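In order, the protein sequences belong to chains L and U. Going by the numbering used here, the first sequence opens with residue -19, and the numbers climb by one from there. Going by the numbering used here, the second sequence opens with residue -19, and the numbers climb by one from there. Each residue gets a CB set at the ideal place from its N, CA and C atoms; glycine is no exception. Quick caveat: nothing in here was measured; it's all calculated off a predicted structure. Have a look at the structure below before the remarks.
Number of protein chains: 2
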Amino acid sequence: MNRIEIVGIVAGALSCTTFLPQVVKTYKSKSTKDVSLVMFIIATVSTALWLIYGILIDSFSVTFTNVIVFISSAIMLYLKIKYRNREN
Amino acid sequence: MNRIEIVGIVAGALSCTTFLPQVVKTYKSKSTKDVSLVMFIIATVSTALWLIYGILIDSFSVTFTNVIVFISSAIMLYLKIKYRNREN
């Protein structure tokens, strides 16, 4: 494996974990007032599309990465909606 | 252009905009208590790596997408740190 691909793999592995710290923080605090609903709607829809694209082009990397990001962004979207009535 | 590539392009265009609603919300509210610092550290570092990877493999799509996401996540990281002392 060359150095360029190592950069890509590290980038991909890190990207997978992007939303996990937010999920953990929100699960603990049960507060989402400052978190953007639109951000997680966009993240959930775009990763669902990336997932479909990964399956269609038969790419394991694209599919696998986006399964993880899709699940974490969908959980955050659920938490945001769940705790929405606590915002005032 | 076939239908599969249209799915990929829509996914990519949406992904570019993921953090923008959070930047706008935080710029207006000046409050980031519920936003995860670690999420935006990961997002900034991983998109910087994707950007380097895009340049190294000479891919316009990877580079262009990640310039936008890198800028928006770096702005959010800056805002999170800037408004951190308002959190208590």
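- For L/I48, there are no neighbours in chain U by C-beta distance under 8 Å, as the nearest C-beta there is about 13 Å away.
- For L/K8, the enclosing alpha helix (DSSP H) has its first and last residue at L0 to S9.
- Think of a sphere of 9 Å around the beta carbon of U/K13: the chain L residues whose beta carbon falls inside it are S9, S11, K13 and D14, in chain order.
- In the pairwise beta carbon analysis, the region 13 to 33 of chain U is classified as touching the region 42 to 53 of chain U: at least three pairs are separated by under 8 Å.
- In this structure, the alpha-carbon of U/T45 lies about 20 Å from that of L/V47.
- For a cut-off of 8 Å, the C-beta gap from L/L(-6) to U/L29 is around 7 Å, short enough to register as a contact.
- Here the alpha carbon of U/K10 sits roughly 15 Å from the alpha carbon of U/L0.
- In summary, L/Y7 is exposed, with fewer than 16 beta-carbon neighbours lying within 10 Å of its beta-carbon over all protein chains present.
- Interface flag for L/Y33 against chain U is set, since a Cβ pair is found closer than 7 Å.
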